[in-house]
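Single-structure report; data block below.
Numbering (this note's numbering), first residue to last: 762 to 844.
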């Protein structure tokens with residue numbers, strides 16, 4: 762995988778994993794004041810979630826890169842056999 766492809770795959774993985782991590786640990790506000798959304802979390806912990814997303818995306822990206830480089834799944838052969 763070349764540099765640009767690697768960056769694109771990492772960015773896609775990062776966003777995908779971010780949307781999976783965002784709902785983790787969300788607790789709703791018990792005392793909702795007027796003008797606030799009842800579904801807004803008390804402590805969103807965004808910094809922790811962004812760090813976790815970055816680490817998880819990096820680990821998944823390494824796995825994807827290893828699979829692509831090892832030709833375990835050869836996308837070039839799949840295209841050649843395409844009808």
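Even glycine gets a Cβ: it sits at the ideal position worked out from N, Cα and C.
For residue j and residue i, believed in contact at Cβ under 8 angstroms, the rounded distance
| i | j | result |
| --- | --- | --- |
| residue 808 | residue 775 | Not confirmed; about 15 angstroms, so no contact. |
| residue 788 | residue 803 | 5 angstroms |
| residue 767 | residue 832 | Not a contact, Cβ separation roughly 16 angstroms. |
Rounded straight-line distance, which links the Cα of residue j to that of residue i
| i | j | result |
| --- | --- | --- |
| residue 814 | residue 782 | 7 angstroms |
| residue 792 | residue 770 | 42 angstroms |
| residue 822 | residue 801 | 32 angstroms |
| residue 806 | residue 839 | 43 angstroms |
| residue 829 | residue 841 | 17 angstroms |
| residue 799 | residue 786 | 16 angstroms |
| residue 763 | residue 844 | 27 angstroms |
Residues bridged to residue i [DSSP beta-bridge criterion]
| i | result |
| --- | --- |
| residue 789 | 802 |
Close-in-space but distant-in-sequence residues of the same chain around residue i (CB under 8 angstroms, 5 per side omitted)
| i | result |
| --- | --- |
| residue 778 | 814, 817, 818, 821 |
| residue 797 | 790 |
Close-in-space but distant-in-sequence residues of the same chain around residue i (CB under 7 angstroms, 5 per side omitted)
| i | result |
| --- | --- |
| residue 835 | none |
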